[in-house]
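The structure under discussion appears below in the form of structure tokens.
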Amino acid sequence: MTAVTQPLARFAADLRFDDLPPEVVERTKLLFMDLSGIIIRSQSLDSSLVLKETLRDLGLASGALQVQGSAERWLPQAAALLAGAAAHSLDFDDTHAPAQLHPGAPIIPAALAAAQMVGASTRDLIVGIVAGYEVMIRVALGLPVLKHGERGFHPSATVGVFGATAAAGNLFKLSPEQMEHAFGTALSESAGTGQFVVNGAWTKRFHVGNAAAGGVLAASLARRGYTGATQAFEGKEGFFNVYSPAPQPDKAVEGLGTIWEILRSGLKPYPCCRGIHAPLDAVMNLHARHPIDIAQIESVRVGLAKRSVYVVGEPQERRRNPHNVVDCQFSTHLCLSIALKHQHMGWDDYEPALADPDIRALMQRIDVYEDAECERNFPTAFSGVVEIRTRDGQVWREFVYAPRGEPETMLSAAELRAKFSLLVRDALGAGGETALFNAIQAMDQPNAVGTLFVDPAGR
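Going by this note's numbering, the residue at position 254 of the sequence shown is 250; the numbering climbs one at a time, nothing skipped.
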């Protein structure tokens, strides 16, 4: 099998700021801003509050590390766990469509923790984040992750721990040999399955936080000389052979150092599974052309790729009757019902929608099916098609090849700034929001990483 572990370890260990093209630096700042907003907004969620209480119970709140949106100080693994879980809580985090995962949520929290541990600069932080993205995405491509996910694994967690390890290891200035040992330890921490969808459990959020914390631990152990398994990816009992039925290791190293996978990560305009975004865009497009009255809708058919139908369309009885917010984030029926009624779909729409009889009734008239064209486009693009039939016989149809926020359909600077403001304004106030935004824009300078934390208590 093609060598993967040593090339990725060498790349992650040796990467420096001068190796990064300007567009990679700018995209990293954009991804950091996007995820920072999500982490800050998620600090007030019930799942985050319970997690913080538990970390206090375990004596992990007596450290020196900051977490965005929290006034407390935490021990390193707790900081990474808390921020990583928060980053994945809204389902608003970036998505790499070809690799089928969310890189930022495990990587950026691990990088932030590691940077604080060693007093790294914001410029160093950028390098660590890029190292994490490139490793995580490439490992996913080598599985490939679609086969991995079909086995029931949650790839943002199982693969995320390797990205988190690469990010932390780069900031710790591990040697290539130490980085390989770190990957070997991370192999023992790779965990997470999709069973959370059965009851809309918070474990989905925990998975990614656990991956972030695991990456910090794996890199920390290697830093002190702890040995991990070599050939962690391509070995006989390594990640590819154990976690995938048909690995493609060549894909993991193809174009390494010249093709920057971080540039293919998309940003979300809606806080739900990426598979629902193209249908949501289709609904918004139809709203712009037709006077949609949900009382006059007879039926709605939503076409998706096979994998997306499985994730956000089935079982249809469950998707038509979500019980909690995590259910909502994976319900095409609920998200489209919100968009059809309100012409928008945001985080604050979920709780009211669960109690809205109009939304409940409309969900029963929505059907999700496997569409041949969407299947052909997958996983290059998360395509979607929506067909609305009205009670007076009209039929409106809209196909979207790739949802907004992909590299070819990227959100505008104004849209991304508005998303950031929406997420952080209540926690930080206008002054805090501006201070954090300006600090992120200056990340490519050798500034103190502490500039990226704005105390919510000092607004």
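Cβ coordinates follow ideal geometry from the N, Cα and C atoms, glycine included.
Does residue i come out as helix, strand or coil in the three-state DSSP assignment?
i	result
Ser295	strand
His92	strand
Trp198	coil
Gln62	strand
Leu4	helix
Tyr397	coil
Ile36	helix
Phe225	Checking the displayed sequence, the identity of residue 225 turns out to be Ala instead of Phe. Here Ala225 sits in coil by DSSP.
Trp392	strand
Asp363	strand
Ser261	strand
Glu383	strand
Ala444	strand
Phe149	strand
Thr254	coil
Leu139	coil
Ser117	strand
Which value, in whole angstroms, describes the spacing of the CA atoms of residue i and residue j?
i	j	result
Gly33	Phe416	5 Å
Ser38	Leu86	7 Å
Leu300	Phe374	9 Å
Trp256	Ala357	46 Å
Ala109	Ser184	21 Å
His319	Trp198	13 Å
Gly454	His329	Caution is warranted here: a pLDDT of 49 is assigned to Gly454, below 50, making its placement in the model unreliable, and no coordinate value can be reported.
Asp14	Ser408	27 Å
Val308	Pro442	43 Å
Ala187	Thr223	20 Å
Leu336	Pro287	10 Å
Ala8	Pro102	16 Å
Arg316	Thr154	29 Å
Ala116	Ser40	28 Å
Lys169	Arg413	33 Å
Glu130	Arg6	12 Å
Ile258	Glu49	34 Å
Arg219	Pro18	30 Å
Ile36	Gly427	15 Å
Leu26	Gly401	12 Å
Val157	Ala228	13 Å
If you drop the 5 nearest sequence neighbours on each side, which residues of the same chain put their C-beta closer than 7 Å to that of residue i?
i	result
Ile334	Met341, Asp345, Ala349 and Ile355
Arg387	Gln292 and Glu294
Arg260	His92, Pro94 and Pro403
Thr161	Ala178, Phe179, Ala182, Gly211, Ala214 and Ala215
Val20	Val126, Trp256, Ile258 and Leu259
Look at residue i and residue j and say whether their C-beta atoms are less than 8 Å apart.
i	j	result
Leu276	Glu394	no
Leu16	Val126	yes
Glu230	Pro245	yes
Ala106	Val204	no
Gly138	Ala207	no
Can you tell me whether residue i is buried or exposed? The criterion is at least 16 other CB atoms within 10 Å of its CB, across all chains shown.
i	result
Gly271	buried
Tyr239	buried
Gly148	exposed
Gln339	exposed
Asn434	exposed
Pro265	buried
Who are the near neighbours of residue i in its chain, counting only those whose CB is closer than 6 Å to its CB and skipping five residues on each side?
i	result
Ala274	Phe378, Ser379, Gly380, Val396 and Pro399
What does a CB cutoff of less than 8 Å around residue i pick up in its chain, not counting 5 residues either side in sequence?
i	result
Thr376	Ala93 and Pro94
Val363	Just to set this straight, residue 363 is Asp in the shown sequence, not Val. Closer than 8 Å at Cβ, skipping near neighbours: Ser295, Val296, Arg297, Val298 and Gln312.
Any beta-carbon of chain B closer than 8 Å to the one on residue i?
i	result
Asp352	Considering every chain present, this structure includes no chain B. It has just one protein chain.
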